[in-house]
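Notes to accompany the following structure.
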Amino acid sequence: MSHLSRRTVLQGSLLAIAPLGLQRSASAAQTPAVATTRSSNSIRNPRIPRVTDAFVNIYKPQADVYTLPTVDAKISGGNVSYTQGATYPDWRTNDHTFIKDDKNRWHCFGITKPWVAGDNGHAGEGLCFHAVAPVGNFAQAATFQSWRDLPKIHVGDCGWAPAGLKIGQDYSLVGSRLGRATSSDLLTWTDRGRLNARGGNRDPYIMVWNKTYYLLRCDGNGINLVTSTDFVTWSDPVVIYKPKTPSYQTESPVLVHYDRLFYLLWTLWDMADKTTSGYCPRSYLHCSESPADFHDKPVLAEYTVHAPELIQDEGGQWFMSSTDHPHRGISVAPLAWE
Numbered sequence: 003m004s005h006l007s008r009r010t011v012l013q014g015s016l017l018a019i020a021p022l023g024l025q026r027s028a029s030a031a032q033t034p035a036v037a038t039t040r041s042s043n044s045i046r047n048p049r050i051p052r053v054t055d056a057f058v059n060i061y062k063p064q065a066d067v068y069t070l071p072t073v074d075a076k077i078s079g080g081n082v083s084y085t086q087g088a089t090y091p092d093w094r095t096n097d098h099t100f101i102k103d104d105k106n107r108w109h110c111f112g113i114t115k116p117w118v119a120g121d122n123g124h125a126g127e128g129l130c131f132h133a134v135a136p137v138g139n140f141a142q143a144a145t146f147q148s149w150r151d152l153p154k155i156h157v158g159d160c161g162w163a164p165a166g167l168k169i170g171q172d173y174s175l176v177g178s179r180l181g182r183a184t185s186s187d188l189l190t191w192t193d194r195g196r197l198n199a200r201g202g203n204r205d206p207y208i209m210v211w212n213k214t215y216y217l218l219r220c221d222g223n224g225i226n227l228v229t230s231t232d233f234v235t236w237s238d239p240v241v242i243y244k245p246k247t248p249s250y251q252t253e254s255p256v257l258v259h260y261d262r263l264f265y266l267l268w269t270l271w272d273m274a275d276k277t278t279s280g281y282c283p284r285s286y287l288h289c290s291e292s293p294a295d296f297h298d299k300p301v302l303a304e305y306t307v308h309a310p311e312l313i314q315d316e317g318g319q320w321f322m323s324s325t326d327h328p329h330r331g332i333s334v335a336p337l338a339w340e
């Protein structure tokens with residue numbers, strides 16, 4: 003749940019693949035595995051998702067009224083206010099999640115706030131944007147600024163880096179403080195209180211695999227995991243990954259299961275990088291044979307994206323999303339596992 007830097011993004015590029023041996027259903031939270039043509043995907047020779055085309059800006063937030071209580075904040079150039087009832091022409095996005103509804107329409111939810119020049123902080127956050135795709139599968143809906151705004155949501159904790167999934171007949175958004183909001187139609191939401199889970203304090207991600215919910219959250223420079231089979235009782239937290247560089251903090255984790263291996267993707271918050279106030283559009287990929295242990299696993303790839311999600315569409319095509327990089331709002335690009 004970090005603010006964003008202004009570095010130039012290399013569109014549709016896989017920046018680096020580290021050599022081996024060196025030292026995140028139809029929703030994104032329920033990404034299924036698919037068969038591959040290669041005989042084996044092994045930890046010694048893992049497949050790596052490569053961005054194969056330019057990022058397309060599918061959603062650009064439109065001008066809107068700020069409905070939260072007025073906020074005054076200090077920024078490097080002075081002070082800034084977000085005034086209740088005022089209309090702001092520019093809004094920015096951050097951590098987000100994708101859900102497909104029962105009518106096969108895709109939706110995106112996530113952090114949003116008015117954008118005022120000079121403010122890269124969290125002041126003014128708390129609303130959750132809601133964008134809906136045009137009719138069609140995900141690949142068909144991945145077209146330039148075709149996703150339109152629906153009314154913003156302010157229920158429970160859903161404005162803080164929500165993770166989305168469907169459980170039974172209801173959809174859920176779970177925020178950083180583990181507040182949960184539910185809906186039967188993705189339009190009307192009800193506050194369900196907080197999940198009774200320990201560990202971590204921001205940027206939840208939920209993977210469903212083998213009839214178990216895997217809930218990731220960041221805590222300082224570590225990524226914590228708790229599990230549940232009923233979404234009520236949760237295991238004790240375990241740290242599944244910590245970067246070795248002291249200034250590196252983890253953000254926006256993603257965990258997916260693909261062809262017998264687990265892949266962990268996370269975004270860097272570098273506290274030593276003063277040019278971006280600690281944040282940068284760099285995300286790293288690791289893989290493991292266990293969803294609970296990515297310690298000492300090498301970096302397989304680095305992507306110039308912020309708070310990405312990995313999505314598999316109805317036809318088996320994979321996509322990576324990115325927020326505010328390389329374009330304002332949400333952008334997506336196709337992936338190929340190679």
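Here the sequence shown is numbered in this note's numbering, starting from 3 and rising by one per residue.
For glycine and all other residues, C-beta sits at the position ideal for the given N, C-alpha and C.
Computed from a predicted structure; not experimentally measured.
Check	Outcome
Boundaries of the beta strand (DSSP E) in which residue 314 is found, first to last residue	312-314
Reduced DSSP secondary structure (H/G/I, E/B, other) of residue 277	helix
Residue 81 versus residue 260 - alpha carbon distance	47 Å
Pairwise C-alpha distance: residue 264 and residue 288	8 Å
DSSP beta-bridge partners of residue 174	167 and 184
For residue 101 and residue 173, believed in contact at Cβ under 8 Å, the rounded distance	6 Å
Member of 200, 49, 54 and 105 whose CA lies at the smallest distance from the CA of residue 340	49
Start-to-end residues for the beta strand (DSSP E) that takes in residue 338	332-339
Nearest candidate by alpha-carbon position, reference residue 313, set 130, 62, 63 and 109	109
Entirely enclosed alpha helix (DSSP H) segments - the region 221-280, minimum 4 residues	none
Secondary structure of residue 88, DSSP reduced to three states	coil
Alpha carbon of residue 254 to alpha carbon of residue 78, nearest angstrom	25 Å
Endpoints, alpha helix (DSSP H) assigned at residue 141	140-143
Proximity of residue 317 and residue 106 at Cβ, strictly below 8 Å	no
Between the CA atoms of residue 236 and residue 197 - distance to the nearest angstrom	9 Å
Completely contained beta strand (DSSP E) runs for the region 37-111, where each covers 3 or more residues	51-53, 58-61, 73-77, 80-84 and 93-102
Residue 208 beta carbon less than 8 Å from that of residue 144	no
Delimiting residues of the beta strand (DSSP E) encompassing residue 146	Unbroken run through residue 146: none, as it is neither H nor E.
Nearest candidate by alpha-carbon position, reference residue 128, set 178, 47 and 135	178
Range of the contiguous beta strand (DSSP E) that encloses residue 296	Premise fails: residue 296 is in no beta strand (DSSP E) and is neither H nor E.
Residue 275 to residue 150 span [Cα, whole Å]	35 Å
Where residue 304 falls: helix, strand or coil (DSSP)	strand
Length of the line joining the Cα atoms of residue 86 and residue 116	11 Å
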